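Chemist: Under my numbering, the first residue of the sequence shown carries the number 71, and numbering increases by one thereafter. For each residue, glycine too, the CB sits at the ideal point set by N, CA and C. Here the structure is a predicted model, which means the values were calculated and not measured.
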Amino acid sequence: MGQLSEDSNEKIESDIKFCQSNQFSTDIKVKEEYWRSFTIQSAIDYKNNVRIKLINILTNGQLNFNDINTLNVLNISAEYEMLHQEILMHLFVQLPIESLRLNYINEYDFVQHNTISSLPNNTWIMFPGGQALLGKPYSNEISTFTFGWDNEFPCESIYVSIFEMQSHPIRNGDFLQFILDNGYTTSDWWDENRFIWITKSDIRHPSTWIIHENSYQINFVLQRNILIECVLDHLVLVSHVEAKAYCRWLSKKTGEQIELPTESEWIHALWNSSDCIRSVLITNNCNIDFHHLHTLPIYSNDNEELQWQGSAFEWISSVFRPLSGYRGALPTYPG
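Now the structure itself:
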């Protein structure tokens with residue numbers, strides 16, 4: 071197991087801080103030259119060195135695992151690592167499949183269905199107004215401790231006015247209509263600076279889609295070049311910017327004011343007024359914790375029931391902010 075010198079460690083750590091700052095260049099050529107300055111072995115050695123230090127900290131007997139603050143820091147460290155793994159999964163989809171070490175992964179549960187001719191409607195469900203409870207209460211009791219990011223404490227109650235929400239996330243087939251209606255070349259749907267960027271970058275579809283032989287195809291981590299017609303009922307993977315553009319386009323098409331839900335609306339609908347998340351977690355009928363390396367089809371129903379399944383980040387319109395009574399970021403994680 072290789073060890074890095076102190077100089078190498080400091081260089082990588084300073085580079086990590088640099089690439090996380092808002093001063094990092096957005097020029098593609100500059101970024102490529104920057105990342106090519108690293109070797110694969112230097113990254114592996116750095117990872118191994120960090121792992122050795124972590125194992126030593128966790129096993130040297132100096133940590134108090136009955137201390138609530140210690141548990142919180144360890145939980146955030148583990149969850150943050152999983153968050154990066156989720157992001158890496160999205161990046162893996164964009165890599166040539168030959169570059170993946172497939173001998174470490176086996177996945178046999180993806181079934182490519184026949185061509186889908188039509189999709190059921192995505193039903194609009196009315197939710198009454200009420201109080202939505204954001205965040206979690208501070209607790210010093212080990213028996214009641216559960217994970218939460220540092221900015222998710224303490225609880226904050228917010229009143230939510232009456233609103234409507236579609237019964238399930240947007241599917242590939244829904245988003246395809248936006249694309250075919252010149253969604254990526256119509257400035258009305260995009261914030262001005264974003265539209266300039268997608269035009270300059272010649273972006274015409276989500277990053278996991280490709281155009282091959284004049285047809286749209288979708289890539290997953292281990293499955294590539296899947297005809298769009300075979301996964302129209304899978305939920306679509308898009309950025310926050312693309313989700314906002316889709317809402318603006320749909321508003322124009324329907325004549326209704328449609329936008330991403332606020333955080334309080336999302337909580338009120340999926341936790342306070344519905345049991346859909348708890349029910350799918352109990353039945354394991356969802357795609358979380360890397361159960362699948364691909365999205366799952368959405369089975370629509372007409373019962374005006376919310377359907378949630380994981381598979382992707384779900385975007386909201388709320389500004390990222392601390393809750394009332396926030397005690398500040400952890401010193402180990404300036405969140």
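For Gly395, does the three-state DSSP call read helix, strand or coil?
Modeler: Coil.
Chemist: For Thr332 and Val100, what's the separation of their Cα atoms in angstroms?
Modeler: Looking at the two C-alpha atoms, the distance is approximately 37 Å.
Chemist: Between Arg241 and His338, how many whole angstroms is the CB-CB distance? I'm expecting something under 8 Å.
Modeler: The Cβ separation is near 24 Å, so there is no contact.
Chemist: Under the three-state reduction of DSSP, which class applies to Asn134: helix, strand or coil?
Modeler: Three-state DSSP puts Asn134 in coil, outside helix and strand.
Chemist: Shortest alpha-carbon distance to Cys317 belongs to which of His238, Phe245, Lys270, Leu363?
Modeler: The option with the nearest alpha carbon to Cys317 is Phe245.
Chemist: Using DSSP bridges, identify the partner residues of Gly200.
Modeler: Answer by DSSP bridge pairing, in chain order: Val230.
Chemist: Sorted by chain position, which residues of the same chain lie with C-beta nearer than 6 Å to Ile280's C-beta, five sequence neighbours on each side aside?
Modeler: Correct list, in chain order: Gln287.
Chemist: Please report how far the alpha carbon of Phe383 lies from the alpha carbon of Gln132, in whole angstroms.
Modeler: Rounded to the nearest angstrom, the two C-alpha atoms are 37 Å apart.
Chemist: Give me the Cβ distance between Gly205 and Ser231, rounded to the nearest whole Å; I'm assuming they're in contact under 8 Å.
Modeler: About 20 Å separates the two Cβ atoms, so there is no contact after all.
Chemist: On the premise that Thr193 lies in contact with Ser237, defined as a C-beta separation below 8 Å, what is that separation, rounded to the nearest angstrom?
Modeler: Indeed they touch by this definition, with Cβ atoms about 4 Å apart.
Chemist: So, at 6 Å on beta carbons, what are the nonlocal neighbours of Trp319 in its own chain, with the 5 sequence-adjacent residues on each side left out?
Modeler: Hits under 6 Å: Phe248, Gly253, Trp259.
Chemist: From the DSSP output, in three-state form, read off Tyr150 for me.
Modeler: Here Tyr150 sits in helix by DSSP.
Chemist: In this structure, does DSSP put His361 in helix, strand or coil?
Modeler: His361 falls in the coil class under three-state DSSP.
Chemist: Can you name, in chain order, every residue of its own chain whose Cβ lies under 6 Å from the Cβ of Pro207, other than the five neighbours on each side?
Modeler: So the list reads Pro224, Cys225, once near-sequence residues are dropped.
Chemist: Taking only runs of the beta strand (DSSP E) that begin and end inside the region 309 to 339, which ones reach a length of at least 3 residues, in chain order?
Modeler: Fully enclosed beta strand (DSSP E) runs of 3 or longer: not present.
Chemist: What span of residues does the alpha helix (DSSP H) with Ser112 cover, start to end?
Modeler: From DSSP, the alpha helix (DSSP H) with Ser112 extends over 110 to 129.
Chemist: Classify His160 as helix, strand or coil using the three-state DSSP reduction.
Modeler: His160: helix per DSSP, three-state reduction.
Chemist: Roughly how many angstroms lie between the CA atoms of Pro392 and Glu222, to the nearest whole one?
Modeler: The alpha-carbon atoms of Pro392 and Glu222 are separated by roughly 7 Å.
Chemist: Going by alpha carbons, who is nearest to Gln293 out of Tyr116, Tyr150, Glu151, Pro166?
Modeler: Residue Pro166 is the option with its Cα nearest to Gln293.
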